[in-house]
Each structure stands twice: as structure tokens, then as C-alpha cells.
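>
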Ligand SMILES: Nc1ncnc2c1ncn2[C@@H]1O[C@H](COP(=O)(O)OP(=O)(O)OP(=O)(O)O)[C@@H](O)[C@H]1O
Ligand SMILES: [Mg+2]
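In this note's numbering, the protein residues as written are 7 to 275.
#1: Under 7 Å Cβ to Cβ from residue 346, same chain only, skipping five residues before and after it: list those, please.
#2: Straight-line CA distance for residue 145 to residue 44?
#3: Express the C-alpha separation of residue 122 and residue 114 in angstroms, rounding to a whole number.
#4: In this structure, does DSSP put residue 200 in helix, strand or coil?
#5: Three-state secondary structure (DSSP) at residue 191?
#6: Alpha carbon to alpha carbon, how far is residue 175 from residue 25? Give it in angstroms, no decimals.
#7: Helix, strand or coil for residue 117? Go by DSSP, reduced to three states.
#8: Return yes when the C-beta of residue 196 is under 6 Å from any heavy atom of ligand 1, and no when it is not.
#9: Whole-angstrom Cβ separation of residue 190 and residue 170, contact assumed at under 8 Å?
#10: Do residue 149 and residue 108 have their C-beta atoms within less than 7 Å of each other?
#11: Within its chain, find whatever has a CB closer than 6 Å to the CB of residue 257; leave out the 5 residues flanking it on each side and keep chain order.
#12: Determine the contact status of residue 193 and residue 221, defining contact as a CB-CB distance below 7 Å.
#13: Is any heavy atom of ligand 1 found at a distance shorter than 6 Å from the C-beta of residue 176?
Structure, rendered in C-alpha cells:
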């Protein structure tokens, strides 16, 4: 039986709790993928980050680019949205990252049409090698479709009791709503590696959440704060920091090609 390697081309990040570090994750993962050498490719992959929060999106602000998505267009006819329009909406960051983000407008998430959001995702996916989604924590009419369209969906949480309770409940509800989707993966951000007797351990978290954890990212307030204030990925400013190395390791894991088994040969005779 032969196996075929397929590299993911759409990753989705969502927070189980507010401020878990999703927007930072989208940027660091994107930059990490951009700078990693791809076997068999001379050029760097084209990476686009897309903010699916049309009211409170922070992605463009974190990278200090002007948001280019016209939410008025996203309230109209999805058939109008094609590659040319998506290109016109893209903001270019000097790092090479490309960003699809809307100016945060009050009620922005209520005015856009879910089919238009999906059409813009499709158009972006046709233009870029890797699309990374910043999915808002509040469930929107396009959330399920966006997660189902992604090769890997990651829920980011923190290692404290209320966050773990909330994450467990959220995972159970997402599993129930999307039984066909690949399992939602978990990342613990702001992780304190030193373990004191009373601290929650990684094993406690695995047990509480009843699933494995794809990655841990260390707590480091200064590195993401500095990156945000400079409008740059932390990966370009502090490549040797533990914070960046943790996201690099996670990106490698997430981009590992899934091996899809081809159908077994028909028995003959
Ligand atoms: N590993 C970390 N250690 C310490 N602070 C962090 C870490 N990751 C992110 N932060 C900080 O947490 C805050 C929230 O980060 P970020 O905006 O990326 O989260 P978010 O999940 O996108 O938030 P929101 O729910 O508002 O969309 C920021 O101040 C950021 O600098
Ligand atoms: Mg965010």
C-alpha cells in the first residue's frame, strides 16, 4: 500500500479563552513557515494570515499594516469575490507575510455574510501556499465552515483551572457540532515550565482535557509585547528566544505532511 504526503495548506487558530495568544500564534506560525526551508522548493512559501474577526480583529494592528478588507464587499454577493479582489484586499508586511484583515467596525461581524467570508478564504487559498486563520472566540456563522475547511484546527488555552474547565467544555461542544472534522488540537500558551508541588502539570492538563496536547509555549510577556510594539513577528526580532523556538517547533509539527493512504490494490485471481 503506498502512502502520499500532503502538506497542510490551511491552519486555523482559535482561543478557548480571551487573550490566550491566538493572534500572536498566527503571526509566529506564519513567520516560522515563511522562513523554514521546504524540501524540493527553491522559493519560500507564500503565506497569508487572515483575520476572521471583522469587529475586534487585531492582526493588522499587531503587524502595523493598514487593514485592506472592505467589509462592505463582504456584505454583498459572494460571486463577486475572486482572486483579483482578494489580492486587492491584501496588506503586505515587509517580512514577506501577507495579511487579510478588516478595519474593526462596530457590528462588523453582524454585517458580513458567511458565504462571502468563505469565498474570500477560497480566493486566498488559491493565491497562497499556506493560509493561517485567526478565528474569533465568539462563535460566528462562518466559524464551523472555516474550521472544517482547515487541515488542522488548534485551540489555544492556558494552564489554569478555569481555563482548563472552559477548554474541556468547548472541546466537547465542538466535537458534537463537528463530528466529521479532524480532531481539534490543543496548545497550552503562557506555560510555566518550572513545576512546583502545587502547580498543575502537563499530565494533569492532559487528563482534565482527555486528549493529548500538541504543543506548549512558554510564558514570556516581554517578547510578544516587544514584537507587537515594533509591528514585527517576534521571530524576526528575537529568533533565539524560547518563545520563538516554541512556536517554531509547533509550526514544524503542524506542517508535517499528513500521510494519506491510497486505496489498497484490488486482489486479483
Ligand atoms: N507566551 C506568552 N507569554 C506571555 N504573554 C503572552 C504570551 N503569548 C501572548 N501573550 C500576551 O497575551 C496577550 C494576548 O495575546 P493575543 O492578542 O495574541 O491573544 P488573543 O488570543 O488573540 O486575544 P483575543 O482573545 O483578544 O483575540 C498579549 O498581551 C500578548 O503579548
Ligand atoms: Mg486575537
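The beta carbon of each residue, even a glycine, is placed where N, CA and C say it ideally should be.
Reading off the structure:
#1: Within the shown structure, residues of the chain are numbered from 7 to 275, placing residue 346 beyond reach of any answer.
#2: 34 Å
#3: 13 Å
#4: coil
#5: strand
#6: 18 Å
#7: helix
#8: yes
#9: Not really, about 15 Å apart at Cβ, beyond 8 Å.
#10: no
#11: 35, 38 and 39
#12: yes
#13: no
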